[in-house]
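Protein chains in written order, with UniProt numbering: chain V, 1 to 105; chain G, 1 to 105. Quick reminder that beta carbons are idealized off the backbone N, C-alpha and C, glycines included. To start, the structure under review is shown below, and the notes come after it.
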């Protein structure tokens, strides 16, 4: 089995300081060793109807599920989640063991 | 600017042969050189209320936006999309230049 993924897509509330939140998330993952890699982006491409109002994606990778569990319960993550939750209008989370079909050359 | 991501989350219709579709997608990306990497998974972890019914995530990575555009218009992709669309009950697409904050060691 490969890596374990934590994927989040978000629509933020009107007027939220999104930059502060993404910077907070960058700080968070830099503090928590269990997070293997982290990348994020803001959709600037796809049709609004296909995005269903979601604008941001956050992708975290862990070596194994246990690392994800450790991340979830880390006090810094719990604290950040409270702040983050207050800023979002809609969110979908998906957590799963990843199947890598085509690896980067 | 970093890589370009094509991120899709899906809820399939009842009774759909999901294995056939994921195998079809694996075949598709193996045929199209523009796709740098591809991974996918089925959520077996998060709370249903947080998933909003979505069960599968598909993540494709391209070296640059132009490669994604080439993929989108590739005849094999167009053909597959028609088949795929018929099988889904709900879908969200996000396409974005990725900001890599924490790289795999």
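Which chain G residues are close to residue 21 of chain V, counting only those with a beta carbon under 7 Å from its beta carbon?
Here residue 21 of chain V refers to the residue found at position 21 of the first chain. Correct list: empty, because the minimum Cβ distance to chain G is about 13 Å.
Under the three-state reduction of DSSP, which class applies to residue 76 of chain V: helix, strand or coil?
Indexing the first chain from 1 puts residue 76 of chain V at position 76. Correct three-state label for residue 76 of chain V: helix.
Does the region 90–102 of chain G touch the region 33–53 of chain V, meaning 3 or more C-beta pairs lie closer than 8 Å?
yes
So is residue 45 of chain V in contact with chain G if we call contact Cβ pairs under 8 Å?
In the first chain, residue 45 of chain V corresponds to position 45, counting from 1. So, interface residue.
Going by C-alpha distance, which of V:9, V:5, V:3, V:71 is nearest residue 95 of chain G?
Counting from one through the second chain, the residue named residue 95 of chain G turns up at place 95. Cα-wise, what sits closest to residue 95 of chain G is V:9.
When we look at the beta-carbon of residue 49 of chain V and count the other beta-carbons within 10 Å, is it buried (16 or more) or exposed?
By 1-based counting over the first chain, the position of residue 49 of chain V is 49. It is exposed - the Cβ of residue 49 of chain V has fewer than 16 other Cβ atoms within 10 Å.
Please determine, among V:23, V:47, V:60, V:45, the residue with the shortest C-alpha to C-alpha distance to residue 7 of chain V.
Taking the first chain and counting its residues from 1, the one referred to as residue 7 of chain V is at position 7. Among V:23, V:47, V:60, V:45, the Cα nearest to that of residue 7 of chain V is on V:60.
State the CB to CB distance for the pair residue 54 of chain V and residue 11 of chain V, rounded to an integer number of angstroms; the pair is presumed to be in contact (CB under 8 Å).
Against the first chain, residue 54 of chain V aligns to sequence position 54. Against the first chain, residue 11 of chain V aligns to sequence position 11. Contact flag correct, Cβ pair sits at about 5 Å.
If you scan the UniProt domain "Stress-response A/B barrel" (4–96) of chain G from start to end, which runs of the beta strand (DSSP E) of 3 or more residues do you find wholly inside it?
4–12, 37–42, 56–62
Chain-ordered neighbours of residue 98 of chain G on chain V, where CB pairs are closer than 9 Å
Position 98 of the second chain, counted from the first residue, corresponds to residue 98 of chain G. By Cβ distance, chain V contributes 39, 40, 41, 57, 59.
Under 8 Å Cβ-Cβ, which residues of chain C neighbour residue 9 of chain V?
No chain C appears in the structure shown, which is made up of the protein chains V and G.
Neighbour flag for residue 87 of chain G against chain V, beta carbons, 8 Å:
The residue labelled residue 87 of chain G in the question sits at position 87 within the second chain. Closer than 8 Å: no.
Are the C-beta of residue 103 of chain V and some C-beta of chain G separated by less than 8 Å?
Working through the first chain from its first residue, we reach residue 103 of chain V at position 103. At a cut-off of 8 Å, the C-beta of residue 103 of chain V has a neighbouring C-beta in chain G.
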